[in-house]
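By full-length UniProt numbering, the letter at position 260 of the sequence shown is numbered 260, and the numbering carries on one by one without gaps. First comes the structure, then the notes that go with it.
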Amino acid sequence: MIQSMTGFGKSIIELPNKKITIELKSLNSKNLDLNARMPSQYREKELELRGTISKSLSRGKVDFSLYVEATGEVTSASVNKEVVKKYMQQLKEIPSTENADDISLLEIAMRLPDTLKTEREEIDESEFKAIENGLEEALREINSFREDEGRALEKDFNLRIGILEELLAKVIEIDPDRIASVKDRLQKGIAELKENVDENRFEQELVYYIEKYDITEEKIRLENHLSYFKETLNSPGYNGKKLGFIGQEIGREINTIGSKSNFAPMQKLVVQMKDELEKIKEQLLNVL
Numbered sequence: 001m002i003q004s005m006t007g008f009g010k011s012i013i014e015l016p017n018k019k020i021t022i023e024l025k026s027l028n029s030k031n032l033d034l035n036a037r038m039p040s041q042y043r044e045k046e047l048e049l050r051g052t053i054s055k056s057l058s059r060g061k062v063d064f065s066l067y068v069e070a071t072g073e074v075t076s077a078s079v080n081k082e083v084v085k086k087y088m089q090q091l092k093e094i095p096s097t098e099n100a101d102d103i104s105l106l107e108i109a110m111r112l113p114d115t116l117k118t119e120r121e122e123i124d125e126s127e128f129k130a131i132e133n134g135l136e137e138a139l140r141e142i143n144s145f146r147e148d149e150g151r152a153l154e155k156d157f158n159l160r161i162g163i164l165e166e167l168l169a170k171v172i173e174i175d176p177d178r179i180a181s182v183k184d185r186l187q188k189g190i191a192e193l194k195e196n197v198d199e200n201r202f203e204q205e206l207v208y209y210i211e212k213y214d215i216t217e218e219k220i221r222l223e224n225h226l227s228y229f230k231e232t233l234n235s236p237g238y239n240g241k242k243l244g245f246i247g248q249e250i251g252r253e254i255n256t257i258g259s260k261s262n263f264a265p266m267q268k269l270v271v272q273m274k275d276e277l278e279k280i281k282e283q284l285l286n287v288l
């Protein structure tokens, strides 16, 4: 079964003094393009988290976000008292602030750089284990999302391939009429020239001309490609790229039939086939 590259997964981790939210979003991409956003104190674990994600998501443009919200009274920031005192002393020396009270000066000082010092929090083993579990949950959710999207894509592909098979059947059905039309046009062209023609030579030229525009091989190959496309849809593994290659081959056969047809009713069918194939190709960009 195929999977889509579009997906979303989320998990929320409740710890005694903080709430951690993990989000995964993915869109289509040729390879795995992973972008990670997280607080600076968690960067030391980024490589491990990236490794876990890459094992589960093989392709796609993936945004991984880790949000941390403090829910307890614990804080890693404290006032840098010595810096604040020096700021206030310097502010009192400025003529325009000579008459300002200490509260006003303190408000000004606290807005200046380095008045707060932040101690780097260490991630303990239990917290990181909780994050790993949360990431696994988010990965399960995004993969489930991708599978649901994949089922919708598979349904659409089967519909489009079915339409192409019906159009191909119509091409096969009217092909004898096309050959008869080619013969008729040639005979009328010769008659208009009002020239005596060697019938044997005319038959030889007619055979050559008809062989040049024969589409028997293209019809067989196109039929095989459509069957192979459906077979690949139902095969295990990630088949997005393989389906893309088959789609290219389908397009090549349709184009050749169009260039050889030289028959308006068949060319109309070819235009319809191209339209269906474009819809397939557009959706294939999102298949894992």
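Note that the Cβ used here is the ideal one computed from N, Cα and C, for glycine as well. Keep in mind it's a predicted model, so treat the numbers as computed, not measured.
Residue i, DSSP secondary structure in three states
i             : result
arginine 221  : helix
glutamate 21  : In the sequence on display, residue 21 carries threonine and not glutamate. Threonine 21 falls in the strand class under three-state DSSP.
glutamate 253 : helix
glutamate 93  : coil
alanine 152   : helix
Contact check, residue i vs residue j, beta carbons under 7 Å
i              : j                 : result
leucine 32     : arginine 59       : yes
glycine 276    : isoleucine 163    : First, the residue type needs correcting, since residue 276 is glutamate and not glycine in the sequence shown. Yes, Cβ-Cβ distance for glutamate 276 and isoleucine 163 is below 7 Å.
leucine 222    : leucine 168       : yes
leucine 24     : isoleucine 131    : no
lysine 30      : valine 68         : no
lysine 281     : glycine 247       : yes
methionine 88  : leucine 112       : no
glycine 134    : isoleucine 13     : yes
isoleucine 161 : phenylalanine 229 : yes
leucine 27     : lysine 61         : yes
lysine 188     : leucine 269       : no
Chain-order list of residues whose beta-carbon lies under 7 Å from that of residue i (same chain, five-residue window excluded)
i                 : result
aspartate 156     : Gln283
valine 83         : Asp114, Thr115
phenylalanine 145 : Gly7, Phe8, Gly9
leucine 15        : Glu127, Ala130
glutamine 272     : Leu167
lysine 45         : Ile123, Phe128
proline 265       : Ile174
alanine 70        : Asn17, Lys18
tyrosine 213      : Val182, Lys260, Asn262
Cβ shell of residue i (< 8 Å), same chain only, five flanking positions each side left out
i           : result
proline 236 : Met1
Sheet register partners of residue i (DSSP bridge)
i               : result
phenylalanine 8 : Lys25
asparagine 35   : Asp63
glutamate 44    : According to DSSP, glutamate 44 bridges with nothing at all.
isoleucine 13   : Ile20
valine 68       : Ile20
Whole-Å CB distance - residue i paired with residue j, under 8 Å assumed
i              : j              : result
leucine 91     : isoleucine 103 : Contact flag wrong, Cβ pair sits at about 12 Å.
arginine 37    : serine 65      : 5 Å
isoleucine 174 : lysine 219     : The Cβ separation is near 12 Å, so there is no contact.
leucine 288    : serine 4       : 7 Å
leucine 226    : glutamate 154  : That belief does not hold up - the Cβ atoms of leucine 226 and glutamate 154 are roughly 15 Å apart, past 8 Å.
serine 40      : isoleucine 22  : The pair is not a contact, with the Cβ atoms about 17 Å apart (cut-off 8 Å).
asparagine 255 : valine 182     : Actually they are not in contact, since the Cβ atoms of asparagine 255 and valine 182 sit about 20 Å apart, beyond 8 Å.
leucine 139    : isoleucine 53  : 7 Å
Sequence-distant residues of the same chain with beta carbon closer than 6 Å to residue i, five excluded per side
i              : result
isoleucine 215 : Ile257, Lys260
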